[in-house]
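Q: Below you will find the structure I want to go over with you.
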Amino acid sequence: MQRVKLTEDLSLSRIVHGMWRLADWNFSNEKILSLIEHGMERGVTTYDHADIYGSYTCEEIFGNALSLKPSLREKMEIVTKCGIVVPSDNRPSHITHHYNTSKSHILKSVEQSLMNLKTDYIDLLLIHRPDPLMDPMETAEAFNQLKESGKVRYFGVSNFKKAQWDMLQSYLEYPLVTNQLELSAYNLENFEDGTINLCQEMGVAPMAWSPLAGGSIFEESNEKAVRLRQTLQIVKEEIGANGIDEVMYAWLLNHPAKIIPIVGSGKKERLDSAIASLNLSMQREQWFSILTSSMGHDIA
Ligand code: NAP
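So the mapping is simple: our numbering equals the position in the sequence shown, first residue as 1, plus 19.
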């Protein structure tokens with residue numbers, strides 16, 4: 020498995036396993052452990068979480084499974100996020116969906132994540148979304164405290180555009196190490212608005228959420244999805260992929276920004292497909308045929 024070095028002593032597996040849908044899978048602890056071991060044996064060592072996933076339950080479900088084999092912890096990298104607050108029976112004190120990047124919220128959220136994940140450190144903490152009320156000085160203070168206490172090793176962001184990235188970065192004494200973005204052949208926004216170029220400029224490998232457009236590429240019947248599926252099917256035959264999912268991954272992996280796709284499925288065979296896509300190379304013309312098929316028009 021390829022690895023992507025984010026800092027001198029933190030690298031992520033090129034394929035990351037995302038835990039957003041973990042609660043929906045309804046797996047026993049044993050089945051989750053078996054899924055983790057399946058991935059780790061193949062080199063998928065990085066797990067993507069957020070405090071809010073599964074209405075604040077996913078981290079704990081994962082932590083419970085991990086406690087069956089605690090020795091796995093030091094062989095994996097745990098990424099988690101904070102900064103979104105959602106109304107939930109599990110957080111009855113909040114009635115409004117909002118963002119919170121205050122020092123106290125970040126510190127409290129990390130404490131909860133550590134408890135839920137049954138670990139004493141988080142490898143990488145991301146601010147989940149840009150917060151219009153972010154006071155970067157406070158956010159930086161929270162980061163410094165977490166770094167000094169050893170509770171969080173490194174920091175990054177998610178869904179940040181350039182101005183938001185620059186503002187937070189300017190208050191930090193150390194570099195943000197990733198920007199987790201929605202990146203797929205179906206959703207081109209971050210390719211088109213310069214956000215991917217920001218990552219390249221900063222020398223930061225972006226993590227790609229919903230690399231298969233959240234599964235909609237397989238189901239949607241709109242014109243764009245039908246058109247893109249047809250093109251993916253053609254390229255699949257040309258490059259010898261097993262499915263259009265592998266072509267979607269390969270499209271991201273063949274971009275020079277060192278994109279790190281996050282797999283959202285709990286099925287071992289889907290994880291295997293993502294891993295298999297690492298061996299697929301795509302010619303420039305094939306890459307562009309997928310791009311223009313998604314855009315719905317030719318390039319200039
Ligand atoms: P995704 O891989 O784009 O979508 C996963 C969905 O696609 C699942 O429902 C899966 O169904 C379906 N799928 C996969 N392969 C399929 C196939 N061959 N045929 C039919 N359906 C297929 O990823 P995602 O779950 O949307 O996101 C991945 C991760 O990104 C999340 O777990 C989370 O960690 C992260 N994320 C981050 C943010 C953020 O704001 N930072 C936002 C969203 C997600 P099955 O379960 O049946 O396989």
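Virtual Cβ for every residue (Gly too), placed ideally from N, Cα, C.
Compute the beta-carbon to beta-carbon distance between P155 and N178, rounded to the nearest angstrom, for a pair I have assumed lies under 8 Å.
A: On the sequence shown, position 136 is the one that residue 155 refers to. On the sequence shown, position 159 is the one that residue 178 refers to. 16 Å between Cβ atoms; not a contact.
Q: Taking three-plus beta-carbon pairs below 8 Å as touching, is the stretch 260–279 in contact with the stretch 184–194?
A: no
Q: Is G315 near ligand 1, going by C-beta to nearest heavy atom under 7 Å?
A: Here residue 315 is taken as the residue at index 296 of the sequence shown, counted from 1. No - ligand 1 has no heavy atom lying nearer than 7 Å to the Cβ of G315.
Q: For ligand 3, I want to know if I309 counts as a neighbour, meaning its beta carbon is within less than 7 Å of at least one of the ligand's heavy atoms.
A: In the structure on display, ligand 3 does not appear, and the ligands it does have are ligand 1.
Q: Thinking L29 and E96 are a contact (beta carbons under 8 Å), I'd like their distance in whole angstroms, please.
A: Residue 29 sits at position 10 when you count from the first residue of the sequence shown. Residue 96 sits at position 77 when you count from the first residue of the sequence shown. The Cβ separation is near 7 Å, so the contact holds.
Q: Taking 7 Å as the cut-off, is the CB of K286 close to at least one heavy atom of ligand 1?
A: Start at 1 with the first residue of the sequence shown, and residue 286 comes out as number 267. For ligand 1, at least one heavy atom lies less than 7 Å from the Cβ of K286.
Q: So does the stretch 237–244 actually touch the stretch 275–284, counting three or more Cβ pairs closer than 8 Å?
A: Not touching, per the Cβ criterion.
Q: Would you check if the stretch 247–259 and the stretch 116–129 touch, i.e. whether three or more CB-CB distances between them fall below 8 Å?
A: no
Q: With burial defined as no fewer than 16 other Cβ atoms inside 10 Å of the residue's Cβ, what is the status of P225: buried or exposed?
A: On the sequence shown, residue 225 is found 206 positions in, with the first residue counted as 1. That one is buried.
Q: Contact check, E49 vs N135 under 8 Å by CB: the rounded distance?
A: As a working mapping, residue 49 is identified with position 30 in the sequence shown. As a working mapping, residue 135 is identified with position 116 in the sequence shown. The Cβ separation is near 19 Å, so there is no contact.
Q: Measuring only the C-alpha atoms, how far is D317 from W44?
A: By 1-based counting over the sequence shown, the position of residue 317 is 298. By 1-based counting over the sequence shown, the position of residue 44 is 25. Approximately 40 Å between the Cα atoms of the pair.
Q: Within 8 Å, do at least three Cβ pairs link the stretch 83–90 to the stretch 108–121?
A: no
Q: Since V35 and K277 are thought to touch, with beta carbons under 8 Å apart, how far apart are those beta carbons, to the nearest angstrom?
A: For this step, residue 35 is matched to residue 16 along the sequence shown. For this step, residue 277 is matched to residue 258 along the sequence shown. Not quite, the Cβ-Cβ distance comes to about 13 Å (not below 8 Å), so this is no contact.
Q: Per DSSP, which residues does Q164 bridge with? Please list them.
A: The residue labelled residue 164 in the question sits at position 145 within the sequence shown. Beta-bridge pairing by DSSP links Q164 to no other residue.
Q: Does any heavy atom of ligand 1 sit closer than 7 Å to the C-beta of P230?
A: Sequence index remark: in the sequence shown, residue 230 carries index 211 (1-based). Answer for P230: yes, Cβ within range of ligand 1.
Q: I'd like the span of the beta strand (DSSP E) that includes W184, first residue to last.
A: Within the sequence shown, numbered from 1, the residue matching residue 184 stands at position 165. Not the beta strand (DSSP E): W184 falls in the alpha helix (DSSP H), residues 181–189.
Q: Looking at F179 and ligand 1, is the gap between the Cβ and the nearest heavy atom below 7 Å?
A: Residue numbering aside, residue 179 sits at position 160 when the sequence shown is read from its first letter. Outside the cutoff, so no.
Q: Using 10 angstroms around the beta-carbon of A319, count the other beta-carbons present and answer buried if the total reaches 16, otherwise exposed.
A: Taking the sequence shown and counting its residues from 1, the one referred to as residue 319 is at position 300. A319 should be labelled exposed.
Q: For F81, name the three-state secondary structure that DSSP assigns.
A: For the purposes of this step, residue 81 is taken as the residue at position 62 of the sequence shown. In this structure, F81 counts as helix in the three-state DSSP scheme.
Q: Which residue marks the beginning of the beta strand (DSSP E) containing V23, and which one marks its end?
A: Position 4 of the sequence shown holds residue 23. Residues 22–26.
Q: Any heavy atom of ligand 1 within a distance shorter than 7 Å of the CB on H124?
A: For the purposes of this step, residue 124 is taken as the residue at position 105 of the sequence shown. No, the beta carbon of H124 sits no closer than 7 Å to any heavy atom of ligand 1.
Q: Would you kindly work out how many angstroms separate the C-alpha atoms of S47 and Y140, rounded to a whole number?
A: Your numbering for residue 47 matches position 28 in the sequence shown. Your numbering for residue 140 matches position 121 in the sequence shown. Roughly 25 Å between the two C-alpha positions.
Q: What is the residue span of the alpha helix (DSSP H) that Y75 lies within?
A: To locate residue 75, count along the sequence shown from 1; it is residue 56. Looking at the DSSP string, the run of the alpha helix (DSSP H) that includes Y75 is 72–75.
Q: What is the rounded straight-line gap between the Cα of L251 and the Cα of G73?
A: As a first step, residue 251 is located in the sequence shown; it is residue number 232 there, counting from the start. As a first step, residue 73 is located in the sequence shown; it is residue number 54 there, counting from the start. Those two C-alpha atoms are separated by around 31 Å.
Q: Is it the case that the CB of D291 approaches a heavy atom of ligand 1 more closely than 7 Å?
A: As a working note, residue 291 is residue 272 in the sequence shown. It does not: the Cβ of D291 is nowhere closer than 7 Å to a heavy atom of ligand 1.
Q: Between the stretch 49–66 and the stretch 304–313, do at least 3 Cβ pairs fall closer than 8 Å?
A: Judged by Cβ distances under 8 Å, the stretch 49–66 makes no contact with the stretch 304–313, as fewer than three pairs qualify.
Q: Kindly list the residues whose CB is nearer than 7 Å to the CB of K88, restricted to its own chain and excluding five residues on each side of it in sequence; keep chain order.
A: If you number the sequence shown from 1, residue 88 lands on position 69. Only L52 meet the Cβ criterion.
Q: On the premise that C101 lies in contact with L143, defined as a C-beta separation below 8 Å, what is that separation, rounded to the nearest angstrom?
A: One-based indexing of the sequence shown puts residue 143 at position 124. One-based indexing of the sequence shown puts residue 101 at position 82. Actually they are not in contact, since the Cβ atoms of L143 and C101 sit about 12 Å apart, beyond 8 Å.
Q: Run through the DSSP bridge pairs and tell me what Y66 is partnered with.
A: Position 47 of the sequence shown holds residue 66. Listed as beta-bridge partners of Y66 by DSSP are H36, I97.
Q: On a CA-only basis, which of A159, I294, L272, G315 is nearest M301? Give me that one, please.
A: Here residue 301 refers to the residue found at position 282 when the sequence shown is read from its first residue. It is L272.
Q: If you draw a straight line from the C-alpha of G58 to the C-alpha of A161, how long is it?
A: Mapped onto the sequence shown, residue 58 falls at position 39. Mapped onto the sequence shown, residue 161 falls at position 142. When rounded, the distance between both Cα atoms is 33 Å.
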